[in-house]
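Everything on this sheet refers to the single structure shown next.
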Amino acid sequence: MTKNFSRQKTTGADRRGVRGDIRLVHAKERPGIEKEPTVERSAALIHSVRYFGAREGNTPEEAMTATSAALYTYLLARWRPTLAETETFMVPFEDAKAYLQIEKTSRLRSQMKALSSTWVSYDFLDTDGDFEMTAERVQLLNVYEARSKTTKKSHIAVEMFPAVRKAILASEIYAHLELGAFPRFTSKYTSRLYPTLALMSGRDQRPPIRWTPEELADLLGWQPDIFKFSNFESRVLQPVLDDIRNHVRRFQIDCEYVRAATRGRPVVGIVITVGKALKMPAEFQKAEMDRSDRTVVRRIATSSAVDMATQMPGEDVLRRAATRLDVSVREIATMWTEAFADERITGLLERAGISAAFEAWVRMQEGGEAQIIESDEDAADEAITDIALANKVILYVAEGFDPAEAVSIVAGHLWTGASEKTLRLVWSADGEQQYRDIEARPTESDLGHLFRNNADVIEDMEYAA
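If you're matching positions, the sequence shown starts at 10 in our numbering and goes up one per residue.
Have a look at this one:
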């Protein structure tokens with residue numbers, strides 16, 4: 010089947026580098042996954058960067074902290090849309106403090122100092138015109154305090170090494186990073202592995218990534234005098250995996266150990282499998298749609314008695330759906346009008362409106378025919394397989410597990426969706442089924458995290474009307 014759009018190569022200079030409204034990450038509550046802004050990170054920076062502290066003898070783990078890494082990501086995100094035109098950028102102190110969720114200006118200044126004291130090396134720092142670099146390290150960012158003459162308010166002035174700026178603007182391959190995740194990371198090593206995994210999550214082919222424990226420790230900048238896997242696991246690897254599983258919402262990971270068939274079965278390999286990154290509807294490229302297509306879409310709606318204003322999605326939504334399903338806009342319009350024979354779709358349309366109903370329908374098409382429940386004589390007995398169509402999620406507590414603790418785990422889980430639903434925890438006590446309802450805003454990704462991380466607590470779950 011032929012694509013309905015042509016994918017053109019772009020460089021960093023052609024792109025804004027940021028999706029969404031950055032102001033949303035200033036709030037204490039993290040924005041929903043649909044609205045949270047993302048920022049690009051060039052593959053060249055991801056693959057070749059090595060961190061060093063201010064002193065020549067510093068090892069990588071003495072460089073950036075989790076907070077200074079978050080500040081670095083935020084400053085680049087603010088600067089990125091105008092990076093091609095500006096060599097210095099200003100960010101208000103108050104904005105940076107809001108993003109980092111810190112109140113004291115002294116803390117921000119200390120993070121600025123830590124950032125300025127972080128030096129890096131890149132593979133692409135070899136030449137600049139007729140000159141070859143002799144220094145192996147450059148400053149990650151040069152940041153300093155500047156005060157506005159008019160408002161008297163303090164700003165962070167940001168400058169970048171020219172070769173790094175050039176590499177960002179020339180990049181064709183990049184990862185999308187969730188801006189709301191960084192200030193929530195607890196380990197300073199997470200920000201070094203996350204971009205690598207995010208880059209993999211954006212690919213169609215995602216083979217498992219394998220390192221030896223020593224290789225991964227070196228990648229993350231952990232270099233003890235004597236390497237001991239148990240120390241690396243508890244101090245570095247496990248906190249990083251927990252950070253990613255708890256705070257990265259666009260993809261999921263699985264980690265497995267490869268053990269040698271020798272005495273003690275030592276770990277000789279660490280294998281991380283990265284899931285496909287979620288894309289929000291507005292992030293898909295628009296399929297082509299000309300004047301004749303618009304005329305045909307209106308005719309399709311009219312002949313099917315579908316109201317263009319309230320029952321047919323807007324043009325941009327149709328075009329992105331065509332890209333997602335790899336069909337033409339005309340086919341999308343026809344398929345959508347035929348979906349009105351499905352009472353679940355019309356019911357959702359009445360309850361939640363055109364946007365929610367159409368998105369649920371597109372996701373069902375993306376999942377294949379197996380996910381679309383065939384109608385039978387007793388619709389009430391049909392299983393619901395798409396969370397967008399469900400009003401309730403039933404979670405079955407594992408036998409023997411304390412129900413009160415299960416309720417606490419579910420209530421304290423991170424829920425990132427837009428629609429509130431009922432989570433019903435069900436368990437057996439004295440031969441009778443009992444339950445407890447919790448109101449939350451779950452996404453399929455949220456539930457996947459809950460189910461995977463608490464397999465001993467929740468043994469099964471299902472969607473219900």
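The beta carbon of each residue, even a glycine, is placed where N, CA and C say it ideally should be. None of the values given here were measured: they were computed from a predicted structure.
- Residue ranges of uninterrupted alpha helix (DSSP H) with 4 or more members, entirely inside the region 219–258 and ordered along the chain, are 222–229, 238–241, 247–256.
- In this structure, P275 is the residue among P275, S417, F260 with its C-alpha nearest to the C-alpha of V267.
- Unbroken beta strand (DSSP E) stretches of 3 residues or longer found wholly inside the region 398–467: 401–406, 430–438, 441–449, given in chain order.
- As the crow flies, the alpha-carbon of A53 is around 33 angstroms from that of G426.
- As far as DSSP is concerned, V306 takes part in no beta bridge.
- When secondary structure is reduced to three states using DSSP, S312 falls in the helix class.
- Going by DSSP, V173 is part of the alpha helix (DSSP H) stretching over 171–179.
- V419 sits buried, since 16 or more C-beta atoms from the chains shown fall within 10 Å of its C-beta.
- Shown here, Q148 sits in a strand according to DSSP, grouped into three states.
- For D104, same chain residues with a beta-carbon under 7 angstroms away, outside a window of 5 residues either side, are H35 in chain order.
- Of L124, A93, I55, the smallest CA-CA separation from S77 is found for L124.
- Contact between K295 and R333 does not hold, since their C-beta atoms are separated by about 11 angstroms, which reaches or exceeds 8 angstroms.
- At a Cβ-Cβ threshold of 9 angstroms, I363 and T431 do not count as neighbours.
- For T127, the three-state secondary structure derived from DSSP is coil.
- Residue pairing by DSSP puts A473 in a beta bridge opposite K401.
- Membership of S51 in the beta strand (DSSP E) is indicated by the continuous run 47–51.
- Between I341 and A348 a beta carbon distance of about 11 angstroms is seen, past the 8 angstroms cut, so the two are scored as non-contacting.
- When C-alpha distances from T343 are compared across A366, D351, A166, V306, the shortest belongs to V306.
- In this structure, A172 sits near F133, with a CB-CB distance shorter than 9 angstroms.
- For M321, there is no enclosing beta strand (DSSP E), as DSSP gives it neither H nor E.
- Under the 10 Å beta carbon count, E154 is surrounded by fewer than 16 other beta carbons and is classified as exposed.
- With respect to I281, D263 sits close: the two C-beta atoms are nearer than 9 angstroms.
- When rounded, the separation of the alpha-carbon atoms in D446 and L250 is 30 angstroms.
- In this structure, the beta-carbon distance from W231 to Y198 falls below 9 angstroms.
- Under DSSP, the beta-bridge partners assigned to E154 are I165.
- When E168, H164, I111 are compared, the shortest CA-CA separation from T91 is found for E168.
- A residue is called buried when at least 16 other Cβ atoms come within 10 angstroms of its Cβ; Q214 does not meet this threshold and is exposed.
- The straight-line gap separating the alpha-carbon atoms of A449 and E429 is approximately 5 angstroms.
- Residue pairing from DSSP leaves M73 without any beta-bridge partner.
- In its chain, beyond the 5 residues on either side, L459 have a beta carbon closer than 6 angstroms to the beta carbon of H422.
- Counting C-beta atoms within 10 angstroms of its own C-beta, R89 has 16 or more neighbours from the protein chains shown and is therefore classed as buried.
- Relative to F410, the option among I467, A176, K44, E224 whose CA is nearest is I467.
- R433 is positioned such that its CB atom lies closer than 9 angstroms to that of K401.
- By the Cβ rule, the region 40–50 counts as touching the region 17–29, because three or more pairs are nearer than 8 angstroms.
- For D263, the pairing in a beta bridge is given by DSSP as T282.
- When the beta-carbon positions are compared, A176 and A93 stay at least 9 angstroms from each other.
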